[in-house]
DNA sequence: TTTATTACAGAACACCTTGTATGGTATTAT
DNA sequence: ATAATACCATACAAGGTGTTCTGTAATAAA
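Residue numbers (the working numbering), protein chains in the order written: chain A, 29 to 216; chain B, 29 to 216.
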C-alpha cells in the first residue's frame with residue numbers, strides 16, 4: 029500500500045479515536061475529523077465511504093490485533109509479548125498496556141458501541157475456549173447461552189475495571205472473573 | 029396535561045419506537061418521525077428539544093413502568109398482574125408479555141443503546157437484591173463488581189432469549205440465569 | 001532519469017437535516 | 001363567550017454530507 033495512503037489512513041484513525049474519547053459518536057462530524065487529521069475532504073471520502081464505515085474499519089483493526097495475539101497467532105509484537113498463558117488473563121494484560129486505545133474507547137461515552145464490536149469478535153474465542161474445556165454433557169444450560177454469558181461477563185468485567193481506573197491488577201480481575209463464573213483456577 | 033399534548037406525545041413515541049425497530053437510531057431523521065407521527069415540525073420541537081432527549085424520555089417511560097412493577101410499586105396494571113414473586117422471574121414475565129416494546133428494542137439494531145439505559149436503571153434493583161440476600165463477608169469479590177456482573181448477566185440473558193425468538197419459557201431462562209450465576213433456587 | 005500513475009489539497013457544489021420563527025386555526029379550560 | 005394554548009403549514013438560516021472538479025506532488029515502473 030502506498031505510503032501516502034497509509035499515512036492518511038493512520039491520521040484519520042488517530043483523529044477519530046481522539047474525538048471518540050471526548051464525545052459521543054453521533055456528535056462527531058466529518059469536518060472535525062478531517063480538520064484534526066489535517067486531510068482534505070475528498071481524501072477522507074476516498075478512504076471511507078461513510079463515518080459508520082470508518083468506525084467499522086477502526087474496530088476491526090483494533091480488535092483483530094488484540095484477539096490474534098490472544099490466540100497465539102503470530103504477529104508483529106510477538107517478540108516482546110510475555111503475557112501469560114490463559115486467554116483471558118492474556119487479554120487483560122494487553123488491555124492494561126493499552127497498546128491500542130481499546131480500553132479508552134470501551135470506557136468512553138461510546139462504550140456500548142465498542143462493547144458490541146468487542147463482543148462480536150470475542151465470542152468466537154470464547155466458543156472455542158468453552159468447547160476445549162468442558163464436555164457437552166456437563167452443561168446444565170445450552171452451549172450458546174453459556175458462551176453468550178461468558179462473553180458478556182468478560183466485557184462487563186473489563187468495563188468495570190476501567191471504570192475503577194484499573195486500580196486492580198490483571199490477576200485480581202481475572203480472579204474476580206473466574207469467581208463469579210464459578211470456575212476453578214489453573215485451566216487455560 | 030392537555031389531551032392534545034398527550035396525544036401528540038404518544039404519537040411521537042409510537043412513531044419513534046416503530047422506526048427504532050427498523051433501523052439504527054443515527055439514521056432516523058426528525059422528518060421521518062414527524063411524518064410517521066403525523067405532527068408538524070414545530071410541534072415536535074415544542075415537545076422535545078432534540079432527538080437524543082426524545083430517546084431519553086422514551087427509555088424513562090418504558091423502564092420506569094416495568095421496574096416499578098418489579099419492585100411492587102403500585103401502578104396502573106397491578107390489577108391484572110399475576111407475575112411471580114422473584115424479581116427476575118417477574119421481569120421476564122413482563123418482558124414476554126411485551127407490554128411495552130422493550131424486548132423489540134432490546135433486540136433491534138439499537139440493542140446496545142437500550143441495554144445501556146436498561147442496565148443503568150436495573151442496577152439499582154440488583155443492588156438492593158444483592159444486599160438483601162448475602163452477608164458482605166460471604167462475598168469473594170467486591171460488591172460493586174458482583175452487582176455489575178449480575179446486572180450484565182441478566183441483560184445478556186434477556187438479549188439471548190429474544191434472539192432465540194423467546195422459544196423458552198420465562199422459567200427456563202430464569203433457571204439458566206440462576207445456573208450460570210451459581211445461585212440456588214428458591215430465594216426472591 | 002524519465003514517464004505514467006496515483007493520492008492529495010482546495011474549492012465549489014447540490015442536497016439534506018436541523019432547529020427556529022411566523023401567522024393563522026382549532027381545541028381546551030375558565 | 002373568552003382567553004389561553006396547542007396545533008399546522010410554511011418559510012428560513014445555519015450547518016453537515018457526499019460529489020466533482022482542477023492543479024500539484026509523491027510514488028512506482030521503465
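Using N, Cα and C, we set each Cβ at its ideal position, and we do this for glycine too.
| Query | Result |
| --- | --- |
| Residue 202 of chain A at chain B interface by Cβ criterion, 7 Å | no |
| Extent of the continuous alpha helix (DSSP H) to which residue 227 of chain A belongs | Summary: the structure shown does not reach residue 227 of chain A, with chain A confined to residues 29 through 216, and so no result is reported for it. |
| Chain B contacts from the stretch 121-150 of chain A (Cβ-Cβ distance under 7 Å) | 140, 141, 143 and 144 |
| Chain-ordered neighbours of residue 47 of chain A on chain B, where CB pairs are closer than 8 Å | Ordered by position in chain B, no residue passes the 8 Å Cβ test against residue 47 of chain A, which lies about 15 Å from the chain. |
| Three-state class that DSSP yields for residue 197 of chain B in the structure shown | coil |
| Any non-hydrogen atom of the ligand ADP closer than 6 Å to residue 80 of chain B Cβ | As far as ligands go, the structure on display features none, and thus does not contain the ligand ADP. |
| Cβ contact (3+ pairs, closer than 8 Å) linking the stretch 71-83 of chain A and the stretch 52-62 of chain A | yes |
| As assigned by DSSP and simplified to three states, the class of residue 187 of chain A | helix |
| Chain A within 7 Å of residue 188 of chain B, Cβ atoms only | yes |
| Residue 146 of chain A vs residue 133 of chain A beta-carbon contact at 7 Å | no |
| Residue 36 of chain A to residue 99 of chain A span [Cα, whole Å] | 30 Å |
| Own chain, CB closer than 6 Å to residue 108 of chain B, minus 5 neighbours either side, in chain order | Its pLDDT being 45, under 50, residue 108 of chain B is placed unreliably by the model, and nothing is read from it. |
| Environment of residue 136 of chain B [buried if 16+ CB atoms lie within 10 Å] | buried |
| Secondary structure of residue 157 of chain B, DSSP reduced to three states | helix |
| Own chain partners of residue 83 of chain A with C-beta closer than 8 Å, once the 5 adjacent residues on each side are dropped | 44, 53 and 141 |
| Touching by the beta-carbon criterion (3+ pairs, under 8 Å), the stretch 166-177 of chain A and the stretch 185-194 of chain B | yes |
| Coarse secondary structure for residue 163 of chain B, derived from DSSP in three states | coil |
| Burial state of residue 159 of chain A (16 or more Cβ within 10 Å) | exposed |
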